[in-house]
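Q:
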Ligand SMILES: Cc1ncc(COP(=O)(O)O)c(C=O)c1O
């Protein structure tokens, strides 16, 4: 068994996380259940800050909240000194509701709606990251309306392909994200922003994609970013000096128990020298080096507990059904992503006790959760722990077949805290309008019209 974070086997032989017995968690909170290893997230947050600060004092680590966004993770990340990256009015509202400081929030998005821009500027976020030429004027207008000068960054498309699954790639020329350097759009964005009274061009940003396990693409991107700044400074941006350079996230994780992605210390060791050599001389003093990890802060800290249902045989292979699937983790279907799983009551079984198995969910789809995993014979009611599910699972939940959204429990030091309860049917129908309700609303509206301003209709 590959032990993520604080995972261990307790005296009863059960899988424990954060000192909590997973069978007990499943009994107490039901399944499916998202379990988050709090100490692991804290450790990773500190590791990022310490690793990068060891090379350059002006470091900003922003948690990419899209990876997993509940109030308690915002509180945890900000308490650890991280800032936040959000990508919609909804993510911003949740972050603010959880107490995040807007001056430490960066607002992204390839299509920012009017509502997004209005809320972000009105909330005084640290920066909006400009992703297209069209939004520059809208952000400037909103800033002037508010009587503020809004800081913005530019997301560059540097035309770098990370050579993984195309669905993971966001920095190549075909990507919908960012302003392309090679077409001249990025330089045009610099010139336009510098001409806007309501905007201050803070810095540059790039994000190449997800699950990157080699630092060479980011090194090349920093080199190319330096070349772009030199080009800008030779033209319209002669006196402009970036105050921030941000490497979007994308740092890979160990999904399969075998991959060894670079650690934060290795990312810092490889990236900061390129930054110091090729970018810092072109920048404002004290330029901030930013990094925006999402997956690599929370993926390995998450485990989903499921109850095993019926099992079948297909030749030598066992087909195992669990009580969740596509709704609580769409990633295997969307990305053919790999997860590992163990039997919570006996995670260290080895050898002949294990058989090739495929784990399915219970949706009315072929929702294969794990294509190939070695598991013992399983009986209905046993608890299966699917590992490395902290990122892009809860945040990608969908209501297919109307399963309830599972609860989230944080575990640390032998204590479990329920931070999101299980969704109830009543929660899911709050936005539904029945014909009888609609009639009642229409009657009420009609009544209001007849009654006039004083409320009387006699
Ligand atoms: C702009 C930006 N920053 C950071 C991230 C986080 O990426 P990851 O979760 O792969 O670290 C993303 C992910 O899509 C992103 O678009």
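Numbering (the working numbering), first residue to last: -7 to 450. Note that beta-carbon positions come from the ideal geometry of N, C-alpha and C, so glycine has one too. Since we're looking at a predicted model, the values are computed, not measured.
Do you know offhand how far residue 91's Cα is from residue 219's?
A: About 39 Å.
Q: Is residue 118 buried or exposed, if buried means 16 or more other CB atoms sit within 10 Å of its CB?
A: Flag for residue 118 reads buried.
Q: Mapping the DSSP letters down to three states, classify residue 306 as helix, strand or coil.
A: strand
Q: Are there 16 or more other CB atoms within 10 angstroms of the CB of residue 271, so buried, or fewer, so exposed?
A: With 16 or more Cβ atoms within 10 Å of its Cβ, residue 271 is classed as buried.
Q: Are the segment 350 to 369 and the segment 400 to 418 in contact at 8 Å, needing three or more beta carbon pairs?
A: no
Q: Going along the chain, which residues of its own chain have a beta-carbon closer than 7 Å to the beta-carbon of residue 7, five neighbours each way excluded?
A: Cβ within range, chain order: -1, 1, 14, 334, 336, 339 and 377.
Q: Over the uninterrupted alpha helix (DSSP H) stretch that includes residue 136, give me the two end residues.
A: First-last of the alpha helix (DSSP H) with residue 136: 126 to 138.
Q: For residue 162 and residue 52, I'd like the C-alpha separation in whole angstroms.
A: Straight-line Cα distance between these residues: approximately 22 Å.
Q: Which same chain residues, not among the five before or five after residue 81, have their C-beta less than 6 Å away from its C-beta?
A: 107, 108 and 111
Q: Alpha carbon to alpha carbon, what distance is there between residue -6 and residue 83?
A: 33 Å
Q: Is residue 65 helix, strand or coil when you go by DSSP?
A: helix
Q: Checking the sheet assignment: what are the DSSP bridge partners for residue -7?
A: Paired residues: none, contrary to the question.
Q: Residue 193 and residue 185 look like a contact to me (Cβ under 8 Å); what is the Cβ gap, rounded to whole Å?
A: 5 Å
Q: What does DSSP give as the partner residues of residue 167 in its beta bridges?
A: Note: residue 167 is not bridge-paired with any residue in the DSSP secondary-structure output.
Q: Taking only runs that begin and end inside the segment 154 to 230, name each unbroken beta strand (DSSP E) of 3 or more residues, in chain order.
A: 191 to 198
Q: Should residue 121 and residue 151 be called a contact, given that it needs their Cβ atoms to be closer than 8 Å?
A: no
Q: Using a Cβ distance threshold of 8 Å, determine whether the segment 269 to 286 contacts the segment 346 to 364, with at least three qualifying pairs required.
A: no
Q: How is residue 149 classed by DSSP in three states: helix, strand or coil?
A: strand
Q: Please confirm whether residue 236 and residue 145 have their CB atoms less than 8 Å apart.
A: yes
Q: Let me confirm a value: residue 310 is counted as buried when at least 16 other C-beta atoms fall within 10 Å, else exposed. Which label applies?
A: If you draw a 10 Å sphere on the C-beta of residue 310, you find 16 or more other C-beta atoms in it, and that means buried.
Q: Please confirm whether residue 385 and residue 323 have their CB atoms less than 8 Å apart.
A: Yes. Within cutoff.
Q: Quick check: what's the CA-CA separation for residue 183 versus residue 290?
A: Going from the Cα of residue 183 to the Cα of residue 290 covers about 38 Å.
Q: Just to confirm my understanding: we take residue 61, look at its own chain, exclude 5 residues before and 5 after, and list those with CB closer than 7 Å. What are they?
A: 83, 86 and 387
Q: Indicate, with yes or no, if ligand 1 has a heavy atom lying under 7 Å from the CB of residue 159.
A: Exclusion of residue 159 from the 7 Å shell around ligand 1 follows from its C-beta lying no nearer than that to any non-hydrogen atom of the ligand.
Q: Should residue 77 be counted as a contact of ligand 1 given a C-beta to heavy atom distance under 7 Å?
A: yes
Q: Round the Cβ separation of residue 72 and residue 38 to the nearest angstrom and send it over; I've been treating them as touching at under 8 Å.
A: The distance from the Cβ of residue 72 to that of residue 38 is about 6 Å, consistent with a contact at the 8 Å cut-off.
Q: Residues around ligand 1, please: the condition is that the C-beta lies closer than 5 Å to some non-hydrogen atom of it.
A: 56, 59, 100, 199, 202, 240, 241, 242, 284, 285, 286 and 287
Q: Is it buried or exposed, residue 457, if we count other Cβ atoms within 10 angstroms and call 16 or more buried?
A: There is simply no residue 457 to check, as the chain begins at -7 and stops at 450 in what is shown.
Q: Should residue 199 go down as buried or exposed, given a rule of 16 or more other Cβ atoms within 10 Å for buried?
A: It counts as buried.
Q: Just to confirm before moving on: does the CB-CB distance between residue 392 and residue 331 stay below 8 Å?
A: no
Q: Along the chain, where does the alpha helix (DSSP H) containing residue 82 start, and where does it finish?
A: 81 to 89
Q: Which residues mark the beginning and the end of the beta strand (DSSP E) in which residue 417 is found?
A: No beta strand (DSSP E) holds residue 417; the alpha helix (DSSP H) holding it covers 417 to 420.
Q: Apart from the five residues on each side of it in sequence, which residues of its chain come closer than 7 Å, Cβ to Cβ, to residue 128?
A: 122, 181, 184, 185 and 188
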